[in-house]
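Chains as they are written, first to last, in the numbering used here: chain Y, 510 to 910; chain S, 80 to 407.
Note that CB positions come from ideal geometry on N, CA and C, so glycine has one too.
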Amino acid sequence: MLSRLTGAILVSALAIGHPARADEDATAWRLFVADHTDPTVTAIDLDVPEKRWTFEVAGPAKLYASAGGALVTAVQSDNERVDFLKSGLARDSHGDHADIEISEPEAIGSIEGPRPFHVVSHGGMVAVNFDRGGYAGILEEGLLLDGKLDERRFPMNVAHHGFVAAMGDHFVSSIASKEPVADDALPPRVGVGTFAADGMPIGSMHACTDLHGEAFSGNFLLAGCKEGVIAFDARGGPDAFTMLPYPADFPEDKTGTLLGSVSMQVFLGNYGADSVVIVDPTAEPYFTRVELPFRRVDFILDPARPQFAYIFTEDGSLHRLNMLTATIEQSTQITQPYSMDGHWRDPRPRIAVADDRLILTDPLDTSLRIISTADFAEIDRIALQGLPYNVIAVGGSGLTH
Amino acid sequence: MAKRRMPLKSTTAVLALSLAVPATAQSNEPVQVVATFSILGDMVARIGGEHVTVTMLVGPDGDAHVYQPTPAAARAVKEAALLFVNGLEFEGWIDRLVDASGFDGTRVIASEGIEPIAYDEGEDHAGHDHDGEEHAEEDHDEEEHGHHHHGAFDPHAWQSLDNALIYIDNITAALTQSDPANAAEFKRNQAAYAAEIEALDAEIRGIVAGLPRGRRTVVTSHDAFQYFGRDYGLTFLAPQGLSTESEASAQDVAHLIGQMRAEGVSAVLRREHHRFPPAGADRQRDRCNRRRHALSRCALRPRRSGTCLSGHDAPQCDDARTGAGVVR
Numbered sequence: 510m511l512s513r514l515t516g517a518i519l520v521s522a523l524a525i526g527h528p529a530r531a532d533e534d535a536t537a538w539r540l541f542v543a544d545h546t547d548p549t550v551t552a553i554d555l556d557v558p559e560k561r562w563t564f565e566v567a568g569p570a571k572l573y574a575s576a577g578g579a580l581v582t583a584v585q586s587d588n589e590r591v592d593f594l595k596s597g598l599a600r601d602s603h604g605d606h607a608d609i610e611i612s613e614p615e616a617i618g619s620i621e622g623p624r625p626f627h628v629v630s631h632g633g634m635v636a637v638n639f640d641r642g643g644y645a646g647i648l649e650e651g652l653l654l655d656g657k658l659d660e661r662r663f664p665m666n667v668a669h670h671g672f673v674a675a676m677g678d679h680f681v682s683s684i685a686s687k688e689p690v691a692d693d694a695l696p697p698r699v700g701v702g703t704f705a706a707d708g709m710p711i712g713s714m715h716a717c718t719d720l721h722g723e724a725f726s727g728n729f730l731l732a733g734c735k736e737g738v739i740a741f742d743a744r745g746g747p748d749a750f751t752m753l754p755y756p757a758d759f760p761e762d763k764t765g766t767l768l769g770s771v772s773m774q775v776f777l778g779n780y781g782a783d784s785v786v787i788v789d790p791t792a793e794p795y796f797t798r799v800e801l802p803f804r805r806v807d808f809i810l811d812p813a814r815p816q817f818a819y820i821f822t823e824d825g826s827l828h829r830l831n832m833l834t835a836t837i838e839q840s841t842q843i844t845q846p847y848s849m850d851g852h853w854r855d856p857r858p859r860i861a862v863a864d865d866r867l868i869l870t871d872p873l874d875t876s877l878r879i880i881s882t883a884d885f886a887e888i889d890r891i892a893l894q895g896l897p898y899n900v901i902a903v904g905g906s907g908l909t910h
Numbered sequence: 080m081a082k083r084r085m086p087l088k089s090t091t092a093v094l095a096l097s098l099a100v101p102a103t104a105q106s107n108e109p110v111q112v113v114a115t116f117s118i119l120g121d122m123v124a125r126i127g128g129e130h131v132t133v134t135m136l137v138g139p140d141g142d143a144h145v146y147q148p149t150p151a152a153a154r155a156v157k158e159a160a161l162l163f164v165n166g167l168e169f170e171g172w173i174d175r176l177v178d179a180s181g182f183d184g185t186r187v188i189a190s191e192g193i194e195p196i197a198y199d200e201g202e203d204h205a206g207h208d209h210d211g212e213e214h215a216e217e218d219h220d221e222e223e224h225g226h227h228h229h230g231a232f233d234p235h236a237w238q239s240l241d242n243a244l245i246y247i248d249n250i251t252a253a254l255t256q257s258d259p260a261n262a263a264e265f266k267r268n269q270a271a272y273a274a275e276i277e278a279l280d281a282e283i284r285g286i287v288a289g290l291p292r293g294r295r296t297v298v299t300s301h302d303a304f305q306y307f308g309r310d311y312g313l314t315f316l317a318p319q320g321l322s323t324e325s326e327a328s329a330q331d332v333a334h335l336i337g338q339m340r341a342e343g344v345s346a347v348l349r350r351e352h353h354r355f356p357p358a359g360a361d362r363q364r365d366r367c368n369r370r371r372h373a374l375s376r377c378a379l380r381p382r383r384s385g386t387c388l389s390g391h392d393a394p395q396c397d398d399a400r401t402g403a404g405v406v407r
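Below is the structure:
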């Protein structure tokens, strides 16, 4: 296991020096930032940014947080490795209150496999798609947090760039064509279906050409397709898929990235390079398209205020989208322009939300910009080394017992 | 329910409403209102008649415990003059929906003034009967109990017909304040509805009186009938807690089976929930759907039949194997 806490870089050895007293309200946010080039993931306490921990991984990582924020998954596709970290912040809702446990972040361990890519966390299970392995590694979040890397494998119909979502005893998986492909190309995705744990279908294949992008919100799992967005209703049976076709008056394009709100049943997807679509799978019109003034760099939903999403465009502007009215309510120039020309993975800003603050990586400024969600004013700027790229924020408030 | 009654708390609540609810509608314009779930929506529609347009967020086949607000719901809330909620933390999602929507109307808590059953008082449903258990509070493993998200009180207060009268009092007061020009009609509708409820109460009491005292224990899936049980002297056992967010554990079910055997339970009420069914269950689910009706609208009949409280529908509840009344 190469991941480890690097004590030399640990700025504060006793970062949690003043633990909250019992039954005290506590609020804590922690950022995890992956460098664009260096094989590092840095954890930073948002309100005490000198408290940092650096984890060495195998390569540049895409970061995912579990629903409660306790688990961080760092996917290093080019290095065929997935590292798991304990964030050190675990929130647990009890209806009338929430508890929060605060500790130092720490490395759990890693798994390896051929080209890991999409990660879907659902129902306490983490599914890592290994695009060239033909399977998804299935791990239980609770066991991971106990330090147990107990990976089961869900076999897909054929190796492809897709996704698997654990749905209790069943799995929803993308399906790819079995027709021969040239050289080492991966086969095109053609559909999605429901499977037993051994990979045997328990329903039909539902067509979804060029499937890409998936997200959960409420009762639905959505995936982007060439012909529309396909919706799986988790309350239904194994064939509870419905294709939501793009409206006829939409320009020719498709959705390939989806985000699902955690506090309202609604999705936000891209639609081509310079527009986004708000998707409500329960009521027509399913899609509301919002044109952007420039090409989109990154976008994110506000987990606490589901009526808002934030979009960063290549001109260096941040936009607040009202998801209910489908209007851009505010646009503010934040950084220098970041052109979307060039390689898709060139270093460009990424966004995270920590309650009423937006965190924007600014690779060319080697910093994190802390922006108020209310008026987009820059509250703080945290200097970093290297090229800060992917970022997630975990935390919140709760009682400490 | 021998006589119509309005507790002091309810009177206070209505008076408070009279100060809080602005008049928002002209007599010839229906008041746009939102009710969080269908039973509450039915009540509002009965009182408001043609003078209200009611949007129900959770329909008759929905489950308010696990409802997921949608953009359409947020828009409906924003446009409403009145938002009727049950209260007692029944709608755990309502605050964030109100915040998201920008709602600037009046929120009416329909249960205001009822005498709530504390959660601890009603905690003797299967799996929560801690009598005789000696584990300490800190040993209470929430994982085993499936994370029950509920407030301090059982929120299913409308299952008491006494409480239903208080609900319609509160609804009438809110509508009257919002649309005073139609106050007389609201009052007439309230009186007619109250008479129906009182008649139903008498009918249920008669039915229950015909049940042998040793046969007044009922098993249901979701513990939503404490108020009904309190009012009519029935005992309800349920493996699933006050909120359908939780799942019954194997230990809960084993405990319930023991209770059923010990008490000679002969009636099982089953409410269908939206869960991911096993493969090949579609046909069975369709059968269930055809026979399904809202349990909350159904009162018991001794053996072999069921009937509905409010006359919305009246399915015959069959008894396939046990000779007991089985309501699906």
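By the 7 Å beta-carbon criterion, what residues does the stretch 139 to 152 of chain S contribute toward chain Y? Q147, P148, T149, P150, A151
How many angstroms separate the CA atom of D608(Y) from the CA atom of G577(Y)? Start at 1 with the first residue of the first sequence, and residue 608(Y) comes out as number 99. Start at 1 with the first residue of the first sequence, and residue 577(Y) comes out as number 68. Roughly 11 Å between the two C-alpha positions.
Enumerate in chain order the residues of its own chain whose CB-to-CB distance from K763(Y) is below 6 Å, with the five nearest sequence positions on each side excluded. Within the first sequence, numbered from 1, the residue matching residue 763(Y) stands at position 254. Contacts found: K735.
In chain order, what are the residue ranges of uninterrupted alpha helix (DSSP H) at least 4 long that sit wholly in the stretch 127 to 209 of chain S? 150 to 158, 173 to 180
Do you know how far the Cα of G141(S) is from the Cα of A179(S)? The residue you call residue 179(S) lines up with position 100 of the second sequence. The residue you call residue 141(S) lines up with position 62 of the second sequence. Approximately 22 Å, taken between the alpha carbons.
What does the Cβ neighbour count give for I247(S), buried or exposed, with the cut at 16 atoms within 10 Å? Residue mapping note: residue 247(S) aligns to position 168 of the second sequence, counting from 1. Buried, since its Cβ has 16 or more Cβ neighbours within 10 Å.
Can you find the residues in the same chain that come closer than 7 Å, C-beta to C-beta, to T870(Y), ignoring five residues on each side of it along the sequence? Here residue 870(Y) is taken as the residue at index 361 of the first sequence, counted from 1. Excluding positions up to five away in sequence, the list reads V542, P858, R859, L877, P897, Y898, V900.
In chain S, which residues lie with their C-beta within 7 Å of the C-beta of D824(Y)? As a working mapping, residue 824(Y) is identified with position 315 in the first sequence. Ordered by position in chain S, no residue passes the 7 Å Cβ test against D824(Y), which lies about 28 Å from the chain.
Check whether chain Y comes within 7 Å of A253(S), counting only Cβ atoms and requiring the distance to be less than that. The residue given as residue 253(S) occupies position 174 in the second sequence. Answer no: the Cβ-Cβ gap between A253(S) and chain Y never drops below 7 Å.
Tell me which residues of the stretch 162 to 190 of chain S have at least one Cβ-Cβ distance to chain Y shorter than 9 Å, keeping chain order. E168, G171, W172, R175, L176, D178, A179, S180, G181
Report the rounded CA-to-CA distance for R354(S) versus A675(Y), giving the unit in angstroms. Taking the first residue of the second sequence as 1, we reach residue 354(S) at position 275. Taking the first residue of the first sequence as 1, we reach residue 675(Y) at position 166. Bear in mind that the predicted position of R354(S) carries a pLDDT of just 36, short of 50, making it unreliable; the figure below should be weighed with that in mind. C-alpha separation (whole angstroms): 15 Å.
I need the DSSP call for W237(S), collapsed to helix, strand or coil. Here residue 237(S) refers to the residue found at position 158 when the second sequence is read from its first residue. Three-state result, W237(S): helix.
If you draw a straight line from the C-alpha of E194(S) to the C-alpha of L162(S), how long is it? Within the second sequence, the letter at position 115 stands for residue 194(S). Within the second sequence, the letter at position 83 stands for residue 162(S). E194(S) and L162(S): Cα-Cα distance of roughly 22 Å.
Between S906(Y) and chain S, is there a C-beta pair that is closer than 7 Å? Locating residue 906(Y) in the first sequence gives position 397, where the first residue counts as 1. No, S906(Y) does not count as interfacial toward chain S.
Nearest-angstrom Cα distance between W853(Y) and R805(Y)? Position 344 of the first sequence holds residue 853(Y). Position 296 of the first sequence holds residue 805(Y). Answer to the nearest angstrom: the Cα atoms are 12 Å apart.
L167(S) to Y198(S), Cα distance in whole Å? Sequence index remark: in the second sequence, residue 167(S) carries index 88 (1-based). Sequence index remark: in the second sequence, residue 198(S) carries index 119 (1-based). If you take the alpha carbons of L167(S) and Y198(S), they lie about 11 Å apart.
Taking the beta carbon of S881(Y) as the centre, do at least 16 other beta carbons fall within 10 Å, making it buried, or is it exposed? Counted from its first residue, the first sequence places residue 881(Y) at position 372. S881(Y) should be labelled exposed.
Please classify N29(S) as buried or exposed, where buried requires at least 16 neighbouring CB atoms within 10 angstroms. Summary: the structure shown does not reach residue 29(S), with chain S confined to residues 80 through 407, and so no result is reported for it.
Alpha-carbon to alpha-carbon, D884(Y) and P815(Y): Here residue 815(Y) is taken as the residue at index 306 of the first sequence, counted from 1. Here residue 884(Y) is taken as the residue at index 375 of the first sequence, counted from 1. Spanning the two alpha carbons is a distance of roughly 17 Å.
With C-beta atoms as the reference, is V771(Y) less than 7 Å away from P710(Y)? Working through the first sequence from its first residue, we reach residue 771(Y) at position 262. Working through the first sequence from its first residue, we reach residue 710(Y) at position 201. Their beta carbons are not under 7 Å apart, which means V771(Y) does not touch P710(Y) by this criterion.
F885(Y) (DSSP reduced to helix, strand or coil): Here residue 885(Y) is taken as the residue at index 376 of the first sequence, counted from 1. In the structure shown, F885(Y) sits in coil (DSSP, three-state: anything other than H, G, I, E or B).
Using the rule of at least 16 other Cβ atoms within 10 Å of the residue's Cβ for burial, across every protein chain shown, is E793(Y) buried or exposed? In the first sequence, residue 793(Y) corresponds to position 284, counting from 1. It is exposed - the Cβ of E793(Y) has fewer than 16 other Cβ atoms within 10 Å.
Below 8 Å, how does it come out for the stretch 612 to 620 of chain Y and the stretch 649 to 657 of chain Y: are there three or more Cβ pairs, yes or no? yes
Is the beta carbon of P815(Y) within less than 6 Å of some heavy atom of the ligand NAP? The ligand content of the structure shown is nil, which means the ligand NAP is not present either.
In three-state terms, what does DSSP make of P528(Y)? Your numbering for residue 528(Y) matches position 19 in the first sequence. Caution is warranted here: a pLDDT of 47 is assigned to P528(Y), below 50, making its placement in the model unreliable, and the coordinate value is therefore given only provisionally. In this structure, P528(Y) counts as coil in the three-state DSSP scheme.
When you compare the CB of V775(Y) with every CB in chain C, is at least one pair closer than 7 Å? Absence of chain C from the displayed structure is noted, the protein chains being Y and S.
So what does F817(Y) bridge to, in DSSP terms? Residue numbering aside, residue 817(Y) sits at position 308 when the first sequence is read from its first letter. DSSP, once it has assigned bridges, lists N831(Y) as partnering F817(Y).
Meets three-Cβ-pair contact criterion under 8 Å: the stretch 749 to 762 of chain Y and the stretch 719 to 727 of chain Y: no
Which whole-angstrom value is the C-beta distance of R125(S) and Y272(S), which I expect to be below 8 Å? On the second sequence, residue 125(S) is found 46 positions in, with the first residue counted as 1. On the second sequence, residue 272(S) is found 193 positions in, with the first residue counted as 1. 5 Å between Cβ atoms; contact.
Taking CB distances under 7 Å as the criterion, tell me whether L810(Y) reaches chain S. Counting from 1 along the first sequence, the entry for residue 810(Y) is found at position 301. Output row for L810(Y): interface = no.
Contact the stretch 568 to 576 of chain Y vs the stretch 638 to 646 of chain Y: 3+ CB pairs below 8 Å: no
Taking just the CA atoms, how far does E191(S) sit from A270(S)? Position 191 of the second sequence, counting from 1, holds the residue named residue 270(S). Position 112 of the second sequence, counting from 1, holds the residue named residue 191(S). A270(S) and E191(S): Cα-Cα distance of roughly 19 Å.
In or out: H606(Y) buried (at least 16 other Cβ within 10 Å) or exposed? Position 97 of the first sequence, counted from the start, is the residue given in the question as residue 606(Y). Exposed is the call here.
Taking the alpha-carbon of A892(Y) as reference, which of E613(Y), A835(Y), I879(Y), A902(Y) has the nearest alpha-carbon? Residue numbering aside, residue 892(Y) sits at position 383 when the first sequence is read from its first letter. Considering only alpha carbons, the answer is I879(Y).
Within the stretch 544 to 605 of chain Y, ranges of the beta strand (DSSP E) (whole runs, at least 3 residues): 549 to 554, 557 to 565, 571 to 574, 580 to 585, 590 to 595, 598 to 602
Which residue marks the beginning of the alpha helix (DSSP H) containing A231(S), and which one marks its end? Residue mapping note: residue 231(S) aligns to position 152 of the second sequence, counting from 1. Here A231(S) belongs to no alpha helix (DSSP H), and DSSP marks it neither H nor E.
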